[in-house]
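A.B. asks:
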Amino acid sequence: MEACLARCSDAVFFRCLNPFNFRLSFKPMASIHAASDGGRRVRRAYDGLLLDAGGTLLQLAKPVESTYADIGRKYGLTATSAEIKQGFRRAFAAPWPEKLRYQGDGRPFWKLVVSEATGCANNDYFEEVYEYYANGDAWRLPTGASETMFLLKDAGGNSYTVKLAVVSNFDTRLRKLLKDLNVLDLFDAVIISSEVGYEKPDAKIFKAALDQIGVEAGKAVHVGDDQEADKVGASAVGIDCWLWGTDVKTFSDIQKQVLISELSSF
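Under the working numbering, the first residue of the sequence shown carries the number 310, and numbering increases by one thereafter.
See below:
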């Protein structure tokens, strides 16, 4: 999540979702469970899908710098949106002295970030902003995310059900956000750094997810937006990883690469 905050774009906070043609490599025949679909065969390429939260599954409804500037006016904040944007980059680049940035509700970390980014240390300002982002209205799901996850879960009971898990460096607000957005119950596991005590790219957070969904590393794929935390971390455990915005840009892309439709030979 922090990488996305630090690199928000001029138009929107996170990467746009324009589809593009791409090529991905896969481990051969990770799973051969298949279902007939009108003369076509659906092959499950992976048994488990792990998703990063902030910047991948969760997108901000409006640019964070605009929100902070708008709320800050009542507290005398004079920093512009552009200055706040640059401030976040500086704040996230600074070292954090504790083992975990997101401990419990994450308030100590976020207080420091907000103060450094905006130049405003008013506690009432911080609390209003913090509570704003604790509600689902501040966030949105990428187009097609719910539909794709419903399909992968396969409520109809066919043979290509995929286990789903969130693996996120986040604080304890995350479960409520997923519930507000009506997707919490779709996940077989929700692994949050502030709860398990280690953050991506630590191998233990990925292994915790695999253990909870009962899937081997070689039969899982992780989707996240951070090269170090997601790509390097997952790859070190033996999990394939697609970078959101580079390898895949929509949930339709994810669906097509997890459930592969082939012409049936019978």
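Glycine included, C-beta positions come from ideal geometry on N, C-alpha and C.
Just checking my contact of G415 with D480 at CB under 8 Å: how many whole Å lie between their CB atoms?
C.D. replies: For the purposes of this step, residue 415 is taken as the residue at position 106 of the sequence shown. For the purposes of this step, residue 480 is taken as the residue at position 171 of the sequence shown. Right, the Cβ-Cβ distance comes to about 3 Å (below 8 Å), so this counts as a contact.
A.B. asks: To the nearest angstrom, how far is the alpha carbon of T559 from that of D520?
C.D. replies: As a first step, residue 559 is located in the sequence shown; it is residue number 250 there, counting from the start. As a first step, residue 520 is located in the sequence shown; it is residue number 211 there, counting from the start. Near 27 Å, if we compare the C-alpha coordinates of D520 and T559.
A.B. asks: Output the distance between the C-alpha atoms of S502 and V492, rounded to the nearest integer angstrom.
C.D. replies: As a position in the sequence shown, residue 502 is number 193, starting the count at 1. As a position in the sequence shown, residue 492 is number 183, starting the count at 1. One C-alpha to the other measures close to 19 Å.
A.B. asks: Between A391, Y355 and L473, which lies nearest to L366 when the distance is taken from Cα to Cα?
C.D. replies: The residue given as residue 366 occupies position 57 in the sequence shown. Of A391, Y355 and L473, the residue nearest in Cα terms is L473.
A.B. asks: Exposed or buried, which one is K266 when buried takes at least 16 other CB atoms within 10 Å?
C.D. replies: Here the chain covers residues 310 to 575 and nothing more, so residue 266 does not appear.
A.B. asks: In whole angstroms, give me the CA-to-CA distance for I548 and L486.
C.D. replies: The count along the sequence shown starts at 1 and reaches residue 548 at position 239. The count along the sequence shown starts at 1 and reaches residue 486 at position 177. One C-alpha to the other measures close to 26 Å.
A.B. asks: In whole angstroms, what is the alpha-carbon distance linking P417 and V423?
C.D. replies: For the purposes of this step, residue 417 is taken as the residue at position 108 of the sequence shown. For the purposes of this step, residue 423 is taken as the residue at position 114 of the sequence shown. Each residue's Cα considered, the two are about 10 Å apart.
A.B. asks: By the DSSP assignment, the beta strand (DSSP E) with D414 in it spans what residues?
C.D. replies: Mapped onto the sequence shown, residue 414 falls at position 105. Here D414 belongs to no beta strand (DSSP E), and DSSP marks it neither H nor E.
A.B. asks: Provide the residue(s) that pair with L256 in DSSP beta bridges, ordered along the chain.
C.D. replies: The structure shown does not extend to residue 256, since the chain is modelled only from 310 to 575, so the question has no answer here.
A.B. asks: Would T302 and G396 be called neighbours here (beta carbons separated by less than 8 Å)?
C.D. replies: In this structure the chain extends from 310 to 575, so residue 302 is not present and cannot be described.
A.B. asks: Determine the burial state of A430: buried for a count of at least 16 other Cβ atoms within 10 Å of its Cβ, exposed for fewer.
C.D. replies: Along the sequence shown, one-based indexing puts residue 430 at 121. A430 comes out exposed.
A.B. asks: DSSP on L486, reduced to helix/strand/coil?
C.D. replies: The residue you call residue 486 lines up with position 177 of the sequence shown. Looking at L486 - three-state DSSP - the assignment turns out to be helix.
A.B. asks: Can you give the Cα-Cα distance for V567 and W405, rounded to whole angstroms?
C.D. replies: For the purposes of this step, residue 567 is identified with residue 258 of the sequence shown, where counting begins at 1. For the purposes of this step, residue 405 is identified with residue 96 of the sequence shown, where counting begins at 1. Taking the straight line joining both Cα atoms gives about 37 Å.
A.B. asks: Looking at the ligand PLP, does it come within less than 7 Å of L367, judged from the CB to the closest heavy atom?
C.D. replies: This structure lacks the ligand PLP; in fact it carries no ligand of any kind.
A.B. asks: Which runs of the alpha helix (DSSP H) at least 4 residues long sit entirely within the segment 497 to 529? Give them in chain order.
C.D. replies: The segment 497 to 529 contains these whole alpha helix (DSSP H) runs: 502 to 505 and 512 to 522.
A.B. asks: What residues are listed by DSSP as bridge partners for S570?
C.D. replies: In the sequence shown, the residue the question calls residue 570 occupies position 261. S570 is bridged to V351.
A.B. asks: Is the Cβ-Cβ distance between V546 and K509 less than 8 Å?
C.D. replies: By 1-based counting over the sequence shown, the position of residue 546 is 237. By 1-based counting over the sequence shown, the position of residue 509 is 200. Not in contact: V546 and K509 (Cβ atoms no closer than 8 Å).
A.B. asks: Whose C-alpha, out of D562, D535 and F496, is nearest the C-alpha of G357?
C.D. replies: The residue labelled residue 357 in the question sits at position 48 within the sequence shown. It is F496 whose Cα lies nearest to the Cα of G357.
A.B. asks: What are the start and end residues of the beta strand (DSSP E) that includes D549?
C.D. replies: As a working mapping, residue 549 is identified with position 240 in the sequence shown. Counting along the chain, the beta strand (DSSP E) containing D549 begins and ends at D549 to L552.
A.B. asks: Taking the alpha helix (DSSP H) that L461 falls in, what are its first and last residues?
C.D. replies: Locating residue 461 in the sequence shown gives position 152, where the first residue counts as 1. It spans A454 to K462 - the alpha helix (DSSP H) in which L461 sits, taken as one unbroken run.
A.B. asks: Under a three-way DSSP split, which group does W405 fall into?
C.D. replies: Numbered from 1 along the sequence shown, position 96 holds the residue referred to as residue 405. DSSP places W405 in coil when its eight states are reduced to three.
A.B. asks: Indicate the three-state DSSP secondary structure (helix, strand or coil) for V492 in the structure shown.
C.D. replies: If you number the sequence shown from 1, residue 492 lands on position 183. Three-state DSSP puts V492 in coil, outside helix and strand.
A.B. asks: Residues bridged to R449 by DSSP?
C.D. replies: Indexing the sequence shown from 1 puts residue 449 at position 140. DSSP output for R449 lists Q368 as bridge partner(s).
A.B. asks: For a quick check, are the C-beta atoms of C449 and Q564 less than 8 Å apart?
C.D. replies: In the sequence shown, counting from the first residue as 1, residue 449 sits at position 140. In the sequence shown, counting from the first residue as 1, residue 564 sits at position 255. It should be noted that the sequence gives Arg, not Cys, for residue 449. Cβ distance not < 8 Å, so R449 and Q564 don't count as in contact.
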